[in-house]
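Step one of this worksheet: look at the structure below.
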Ligand code: HEC
C-alpha cells in the first residue's frame, strides 16, 4: 500500500472517531437484546406493574414519570429531591453513571458503560414500561 493511501485511511479513522464522539443520541436499540441487559437490573427491579417494588422501585411506566415518585417505595432524599423527568435522555445519563447523575442516590449499581447495552436496555424499558 502506498504511503498516501495509508494516510488517507488513518485520517478517515480519526474523522469517524470525531464524528462518533459528536453524536449525542445513541443508535436505536434492540429490545430483545435489552431484555438480557435488564437481567442485571432484575435483582432489584421489576418492570411488571403487578410485581410491585423490590429492592428498587417498580419500573413500569417509568418513562414519563418524575424521579422518586413510585408509590410505596422508600427513596433516598437525593432521589426524592432530584426532580428529574425520566425520558430516554435522562435515563441514559442515570444508567451510564448513577452516582454521577444523582449524587448520594442509593442505587447500588455501577452503571452501564457500553453504548450498545444502554441503547438496548432503553429500547426494552420503552417497550415494557407501557405494556
Ligand atoms: C442493587 C440493586 C439495583 C440494581 C442492580 C439496579 N437498581 Fe435501579 N434502583 C435501585 C434503588 C435502591 C433505587 C432507588 C434509589 C434511591 O432512592 O436513591 C433505584 C432507582 C432506579 C431508577 C429511578 C426510578 C424512580 O422511580 O425514580 C431507575 C430508572 C432505575 N433504578 C433503573 C435501573 C436499571 C435500568 C437498572 C439496570 C441497568 C438498575 N436500575 C439496576 C436499585 C438497583
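Residue numbers (the working numbering): 7 to 137. Even for Gly, the Cβ is constructed at its ideal location relative to N, Cα and C. A quick note: this is a predicted structure, and the numbers were derived from the prediction, not measured.
Beta-carbon proximity check, residue i vs residue j, cutoff 8 angstroms
i	j	result
residue 131	residue 53	yes
residue 109	residue 91	no
residue 127	residue 70	no
residue 164	residue 123	Not covered by the structure: residue 164. The range shown for the chain is 7 to 137.
From the options, residue whose alpha carbon lies closest to that of residue i
i	options	result
residue 33	121, 48, 92	121
residue 99	116, 86, 83	116
residue 125	49, 112, 101	101
residue 113	48, 93, 129, 39	48
residue 105	78, 31, 40, 118	118
residue 79	51, 137, 46, 45	51
residue 81	111, 95, 107, 97	111
residue 31	38, 95, 76	95
CB-CB length for residue i against residue j, believed under 8 angstroms
i	j	result
residue 135	residue 58	So it is not a contact: roughly 15 angstroms between Cβ atoms.
residue 55	residue 73	So it is not a contact: roughly 18 angstroms between Cβ atoms.
residue 64	residue 129	With 8 angstroms as the limit, residue 64 and residue 129 do not qualify as a contact, their Cβ atoms being about 19 angstroms apart.
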